[in-house]
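Below: one structure, written as structure tokens.
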Amino acid sequence: MSEFDTNLGEDILPHDIREGLARARAKDRKATGGGLRVQMGEVWYPLRSYSEDGFEVAIEVAPKLRGLVEIHQGPRLLRSVLIVAMEPSGDVMRYAFKRTTAARTSPPVDYEQAADLPFAYLPAL
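Everything in the sequence shown is counted per full-length UniProt numbering, starting at 1 for the first residue and increasing by one.
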């Protein structure tokens with residue numbers, strides 16, 4: 001076990017307390033999306049689940065989403081995606097990716113960069 005384990009010491013708690021903690025964590029994950037969220041315009045919606053082919057949002061939280069949206073993990077942009085709505089499943093709405101673009105970590109360049117360039121030049125001795 002690591003020192004950051006969220007279940008550390010819970011095995012000594014009574015069963016009803018553990019169930020209450022599990023319900024509270026599920027409610028928090030439902031409200032916050034576990035840090036993952038989708039942005040449409042200026043509005044943010046927490047994600048219930050996320051995979052490489054789509055995501056789920058609680059029906060009561062978000063309206064019917066469509067078009068180009070951004071997926072964030074905290075303040076960091078993960079990708080921009082074009083989404084289409086699938087069928088609702090219980091209390092969640094599933095959205096599939098039609099097109100996905102990963103976020104860049106560096107600005108684009110408008111010239112070719114050779115792979116074998118030296119990192120720095122040293123003066124001749």
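Virtual Cβ for every residue (Gly too), placed ideally from N, Cα, C. Fair warning: this is a prediction, and the values are worked out from it, not measured in the lab.
Among residues of its own chain, excluding the 5 on either side of residue i, which ones have a beta-carbon nearer than 8 Å to its beta-carbon?
i, result
"R99", "V81 and L82"
"P107", "none"
"M86", "G54, M93, R94, Y95 and A96"
For residue i, which residues of its own chain have a beta-carbon under 7 Å away from its beta-carbon, when the five flanking residues on both sides are left out?
i, result
"G74", "G35"
"R79", "I71, T100, T101, A102 and A103"
"R37", "W44, Y45, P46, L47 and H72"
Would you call the CB atoms of residue i and residue j closer than 7 Å?
i, j, result
"A103", "L125", "no"
"Y95", "F55", "yes"
Would you decide whether residue i is buried or exposed? Buried here means 16 or more other CB atoms lie within 10 Å of its CB.
i, result
"H72", "buried"
"V84", "exposed"
"R66", "exposed"
Do the segment 40-54 and the segment 86-105 meet, that is, are 3 or more Cβ pairs less than 8 Å apart? yes
Does the structure place the segment 8-26 close enough to the segment 55-63 that three or more beta carbon pairs sit under 8 Å? no
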